[in-house]
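Asks: Handing you a structure now.
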Amino acid sequence: MSEATAGVADLDWRSRLAALPPGALALRIAVAVVVGFVAVWVSYKAYGDPRQFVIVGLNGLTLAGLYFVVASGFTLIFGLMRVVNMAHGSLYMLAGFFALELQTKLTGGEATSAFGSSEAGLGDWIIPLVVACLAVGVIGLVMQQVFLRWNQGQDLRQALITIAISIIIADQTLAHFGGIAESLAAPDSFPESVHLPFSDLTYPFFRIFVLLVAIALGLCLWAMIQRTRFGMIVRAGVDDRQMVSALGINIQLVFAAAFFLGATLAGLGGVLGGTMISVDKANDTQYLLISLIVVIIGGMGSLAGAAIGALALGLVDSFGDVYLPAGYTNYSILLIFGLLVLVLAVRPLGLFGRPA
Amino acid sequence: MNRSALTPERALWWGPALVLTLILVIAPLLFSDFYLSQVLTKALWLGIAAASLIFLAAYVGMVSLGQVALYGIAGFTMANLVEADGGSPIAWNPWLATLVGILAAVGAGLFFGAIASRSYGIYFLMITLAVAVLTYYFFGQVTQFSGFGGVNSVERPAIVSNPVTDPVNLFYIALLTSAAVYAFVRYLARTPFGLALQGVRDDPSRMRALGYNVPLLRMLAFGLGALIAAFAGIISVWWNTRISPGSIDLTRTIDVLVIAVIGGLFRLEGAWVGAFAFAALDNWTRGLDVVGQRFNTVIGVIFLVIVLLSPGGLMGIWQSITDFLGRRLAGKPPARPSAGARASDSPQPS
Amino acid sequence: MSVSSEGGRARFWALLAVLVLVFAATVAACGGDDEGDGEEAAPTDTGAESDGEATGEAIKIGVFANNEGAFAPFEGQTWGGAMLPLINRGATPVSGNSVDGVEGATIAGHPIEIVYGGSDSTPDKAVEEARRLVEQEQVDILVGPLSGSEGIAVAEYSKEQPGVTFVNGISGAQDTTLKVQSPNFFRFHNDGTQWTAGLGNYAYNELGWRNVVTIGDDYDFPYSQIAGFVAEFCSIGGNVTERLWPPLGEEDYSSYITQIPEDVDGFFMGVGGTGTVAFVKQYGQLRGNLADKIMGGIFMTDPVILEELGDQVVGVVTAGMTAADSQEPAYLEYTSQIESAYPDLAGTGSSVFFYGYYTAMEAIAQALEQVEGDLSDDHAAFREALAGLELEAPLGPIRLDENRQAIMDNFLQQIVADETGDGVPDVKTLETIPEVDQTFAGAFSPDTPSPDRENPACEEGTPPPWTDQGGGR
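Chains as they are written, first to last, in this note's numbering: chain E, -13 to 342; chain V, 191 to 540; chain X, 576 to 1048.
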């Protein structure tokens, strides 16, 4: 290491750079300016076309609901086990295809018509939902038990393993699930659209349903983590895993349960998303990215962070497509990138993130 | 270690390396134009891309999935600035455009680096992956620079002959660039800067205590990684004569990761070893009925097996073999257990 | 990333064993389906039942469509289309899955060897695959690719390979032939622009639309489609007020639907194959019935997609190069041939994917028969035969212009309520527009800007001959 010590002298100018004031104030001012500008622009556009504002706002909120369902599973698994499940999007996609396949069987292929003439009974939607969630949950569990369990603590290796699994799932999905992008039929007892109060606007009912499910799920998860023994162990595990195992708690069982739950949530997202939007072979990349962004913004392992992150992403996503100047709406991806940069510049661990 | 002594281990390392290098140098005499271009040249630039990943992983401890996005930025910038079909209407001199493309990638690398350099380990991996996928969507959506169809028929500097009809020039360009990248990284590892980077890899807190600006070092390293990736991006555009979002999608990002892991994530040579294995496998399986259509499953399973069984990749396996044979030849008793697995444990390529 | 313990070693090997078994099982399972791909076809002693002796030199034909990506679901149809002309000439399908190819194919006494290829709708992959087929497999003739951006790239590549003849599969970007003009690249079907012929006229003169918005995925093929509509509709006085371009791969179109002004007369939809279903569903939920507001969308009449869309699209007017309701004897014969060769593909004969690859291979076969399989002198005679071919296709004659681009009939169609009893709405042809050429009465030429987000501009001009204003009726 003698060479390394010699290097220190050469690096003096770098340490001087380090001593510069961090510029935190300037950074905060810049962030405030950006946020203020966005607020003014959105208000201006909203004033110009309030009807559009309402619909686009609802689009954003309902998307955020879907994103939260998916990302909550991702963040749960990470928070407890430090496993970045790169196959999370693949599980989302698989659940969609499983449910679609099952629903087609149940209804004899009649229900998949895209329009409101849905002939799927409540059971034709609920049964695929439950079966797909459980199936994907079991796949997640097997993944964890067979491949990840004995690599505990080697987070990079675990991430690589889940990447390998996602490659295989993507290719096998291609081989076994044919057909064009379809969507699951919502139960026929659901109305197709609802009238929004105080206006003549209609809005898709199922999207609002997804938002409600997301809110209910958020509350349930919160209650579970705050109030149950399982939640207590999870919370303790997020803070200090060694300590938890030292207390004689069967941490492996908790890990297995959490992985199952996390995968099941990906599955729930897949079925909700498959009904609200569509089931497609590109879903895995899409929803992996969404899960990543939501937890990077919100902070890994934090449920509240996932909610805030999902909300931010959903709103930016849907307003960006509409409120950018005409001809430039295709730059909306830059807004998401900007959101990411903004958050990471101020809080490298995300809004609610804590150091591991 | 005594640098000059020719131990059997060393012979087993350098012998095959020399033979392989020699084969590469005279490759245009040995292989068909098609194989030269579609397997060897492709492997060389994929290897450069993987080398940028391995450089960051092995020397700075930053496993980045953003390298393909960075080479995409170099490639797209260059392709937009020269005469081409699609993208912007600017038509600069190809060399100038190449230079600007490389600078753009380095600039983007420094910028991403500034954002991500305060994140470590798996966070860093996630942030770079998010950036990579966002970059893919950016070029897919912004038709002013690319759009789904990409930029086609990109003009090349005169020295880069038509890669279809006359692939030899491009092969040597890729070979020389690979050699230069390899030599540069090996040299860099011994400079004070390189040693500081390795210090950051091993113990960031201690380096901070020693007065180093750790985020700055990591940012600069990421910029260097971007420079290496940029070479791969430029050569890939010359080789393809086009670049499109499909050239930098998640599959390609993972391909480069797979190459690095197959070769050996912590040995620089592994980049090209992995790339040759990958390109040859790709080409070979495509001709097979059964597995040809399911190439990605094959790659996924191989990747999984490597990650599970030999984290050191092919280089790790080879190291185990040479260690074993070397000891046998030298008549020494087996000393170290499972060197292949340990290669990744203590990444010390220099 | 270290191996945790020596105890872990045993687990490794157990795992490896499991993996190898799983992998072997997967391969075996796939092998069951894929046994005997087209590559086994036609050693000299097989086949030759109906077309005389297979005495000539073997001719290698590479066929590639998409086996990955958004269009992978249509691989069966494309291969069915490519294999049918060979089956009609005495070859036998290897299996019920068209992708497995045929055995014993001969044309004009020459055994035909089919080489399999597959791309993923990206231009990179298409060229890589074309190069593999041409340079490594050494095919004489290449059929493909499938998607718009792929076609331009492969046509450019074909210029580097003057010794090989390329016949387009079903990629529909206008530039592929109009701009690239490769001398050895042929396209025996209409491009995406030509497919819209008649729609602008119908919107303006029948529906009385004046202000229209277009919406289409942001890539080459919808550019071509929307360009055709804009050129025709604007040339006779219509006005396109806005063009919306959701990014390709977008499935949540709701934010774009809210951007369609509520007071426009209607909108033209050029959303691609996989987005059509999601778009129609989301439009219905947000804005109600779309049938009287929407026009276009070549994919709406695709049999597979129409089944998904169901009754919601009844009344929609669209156009395309196939007519599912045709009662021409040639077309009926063609559909029954499909049914007997590939029962699974019955009813897909009117899919552009099937028809495009069919016309490609049929043209190759007829031209090879004309020259008796003579591919000497860089295919000179063969190419001359192709260029001069008057292909009597099931849905009408096809001939080529000087850019080797098809001139053929286009069909203006309306989706009507189901009468055949299969639960899927029917397609009724309103009008046959004869011999649509690529230029739209001069609106497009090699010198006009390529169709893109802004081009062509909406301006009055020479109406195409099939419009009322152009003296069509």
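By construction, the Cβ of each residue, glycine as well, lies at the ideal position given by its N, Cα and C atoms. Quick caveat, the model's predicted, so the values are computed rather than measured.
Would you verify that the beta carbon of E:A167 is, or is not, closer than 8 Å to some beta carbon of chain X?
Replies: Yes - at least one Cβ of chain X is within 8 Å of the one on E:A167.
Asks: Excluding the 5 residues preceding and the 5 following E:F246 in the sequence, name in chain order all residues of the same chain whose CB lies nearer than 7 Å to its CB.
Replies: Answer for E:F246: G123, G126 and L127, listed in chain order.
Asks: In chain X, what lies closer than 9 Å to V:S434 by C-beta?
Replies: The answer, in chain order, is T697, P698, D699, S724 and A728.
Asks: Using a Cβ-Cβ cut-off of less than 7 Å, give me the residues of the region 776 to 803 of chain X that come near chain V, in sequence order.
Replies: The residues in question are D793, Y794 and D795.
Asks: Could you tell me the boundaries of the beta strand (DSSP E) in which E:H162 lies?
Replies: Here E:H162 belongs to no beta strand (DSSP E); instead the alpha helix (DSSP H) covers D141 to H162.
Asks: Per DSSP, E:H181 forms a beta bridge with which residues?
Replies: Beta-bridge pairing links E:H181 to E:T188.
Asks: Note down, in chain order, each residue of its chain lying with its Cβ closer than 6 Å to the Cβ of X:F1015, except the 5 sequence neighbours on either side.
Replies: Around X:F1015: A806 and P1039.
Asks: Going by CA-CA distance only, name the one from V:R457, V:A422 and V:N473 that's closest to V:A264.
Replies: Nearest C-alpha to V:A264: V:A422.
Asks: How should X:G607 be labelled, buried or exposed, when 16 other C-beta atoms within 10 angstroms of its C-beta is the threshold for buried?
Replies: Below a pLDDT of 50, predicted positions are generally treated as unreliable, and X:G607, at 36, falls in that range; the measurement from the model is reported next regardless. Under this definition X:G607 is an exposed residue.
Asks: Measuring alpha carbon to alpha carbon, tell me which of V:F221, V:I363 and V:S368 ends up nearest V:G347.
Replies: Position check: residue 347 of chain V holds Pro in this sequence, whereas Gly was assumed. It is V:I363 whose Cα lies nearest to the Cα of V:P347.
Asks: Touch check for the region 771 to 779 of chain X and the region 301 to 317 of chain V: three-plus C-beta pairs under 8 Å?
Replies: Taking 8 Å as the limit for Cβ pairs, the verdict is that the region 301 to 317 of chain V does not touch the region 771 to 779 of chain X.
Asks: Does DSSP put X:S926 in a helix, in a strand, or in coil?
Replies: Three-state DSSP puts X:S926 in coil, outside helix and strand.
Asks: Considering V:R518, what are the terminal residues of the alpha helix (DSSP H) in which it resides?
Replies: First-last of the alpha helix (DSSP H) with V:R518: G503 to A520.
Asks: Measuring only the C-alpha atoms, how far is V:V358 from V:P218?
Replies: Those two C-alpha atoms are separated by around 6 Å.
Asks: Closest Cβ-Cβ distance between E:V302 and chain V: below 8 Å?
Replies: Cβ-Cβ to chain V under 8 Å: no for E:V302.
Asks: Comparing alpha-carbon positions, which option in V:L234, V:A320, V:I213 and V:G415 lies nearest E:F323?
Replies: The shortest Cα separation from E:F323 among V:L234, V:A320, V:I213 and V:G415 belongs to V:A320.
Asks: Step through the CB atoms of chain X and report whether any lies within less than 8 Å of the CB of E:D266.
Replies: Cβ-Cβ to chain X under 8 Å: yes for E:D266.
Asks: In its own chain, which residues sit with a C-beta less than 7 Å from the C-beta of E:A298, not counting the 5 before and 5 after it?
Replies: Cβ within range, chain order: I283 and L325.
Asks: Would you say E:I41 reaches chain X, if we count a Cβ-Cβ gap shorter than 8 Å as a contact?
Replies: So yes, E:I41 belongs to the interface.
Asks: Between which two residues does the beta strand (DSSP E) carrying X:T1004 extend?
Replies: Residues D1001 to V1011.
Asks: Can you say whether V:D439 is buried or exposed, counting buried as having 16 or more other CB atoms within 10 angstroms of its CB?
Replies: It is buried - the Cβ of V:D439 has at least 16 other Cβ atoms within 10 Å.
Asks: Just mark E:I201 as buried or exposed, buried being the case when its beta carbon has 16 or more other beta carbons within 10 Å.
Replies: By the 10 Å Cβ count, E:I201 comes out exposed.
Asks: E:L205: buried (16+ other C-beta within 10 angstroms of its C-beta) or exposed?
Replies: It is exposed - the Cβ of E:L205 has fewer than 16 other Cβ atoms within 10 Å.
Asks: Strictly by DSSP, which residues pair up with X:F986?
Replies: For X:F986, which the question treats as bridged, DSSP gives the partners X:G895 and X:T1007.
Asks: Under the assumption that E:A145 contacts V:L315 (Cβ atoms under 8 Å), give the Cβ distance between them as a whole number of angstroms.
Replies: Indeed they touch by this definition, with Cβ atoms about 6 Å apart.
Asks: Just to confirm before moving on: does the CB-CB distance between X:V787 and X:F874 stay below 8 Å?
Replies: Not a contact, by the Cβ cut-off of 8 Å.
Asks: Could you give the first and the last residue of the continuous alpha helix (DSSP H) run that contains V:S368?
Replies: Segment V358 to L378, the alpha helix (DSSP H) holding V:S368.
Asks: Figure out for me which residue from V:G262, V:G311, V:P284 and V:F383 has the closest Cα to the Cα of V:V296.
Replies: Here the closest residue by C-alpha is V:G262.
Asks: Going by CA-CA distance only, name the one from X:P918, X:A938 and X:Q1013 that's closest to X:T752.
Replies: Here the closest residue by C-alpha is X:Q1013.
Asks: So which residues of chain V does E:F323 contact, with C-beta pairs closer than 7 Å?
Replies: Those are L324, listed as they occur along chain V.
Asks: Any C-beta of chain V within less than 9 Å: which residues of the region 960 to 978 of chain X qualify?
Replies: Those residues of the region 960 to 978 of chain X that come within reach of chain V (Cβ to Cβ, closer than 9 Å) do not exist; the list is empty.
Asks: Could you name the residues of chain E that V:A320 contacts, counting a contact when the two beta carbons are closer than 8 Å?
Replies: What V:A320 touches in chain E: L275, L278, I279, I282 and L326.
Asks: Note down, in chain order, all residues in the region 977 to 1000 of chain X with a beta-carbon under 7 Å from any beta-carbon belonging to chain E.
Replies: Residues passing the 7 Å Cβ filter: none.
Asks: Provide the residue span of the alpha helix (DSSP H) that contains E:T261, from first to last.
Replies: Run containing E:T261: I237 to M262, per the alpha helix (DSSP H) assignment.
Asks: Please list, in chain order, the residues of the region 835 to 849 of chain X that have any C-beta partner in chain V closer than 8 Å.
Replies: Listed by position along the chain: nothing, the set is empty.
Asks: Would you check if the distance between the CB atom of X:W654 and the CB atom of X:V638 is smaller than 8 Å?
Replies: Yes, they are a contact pair.
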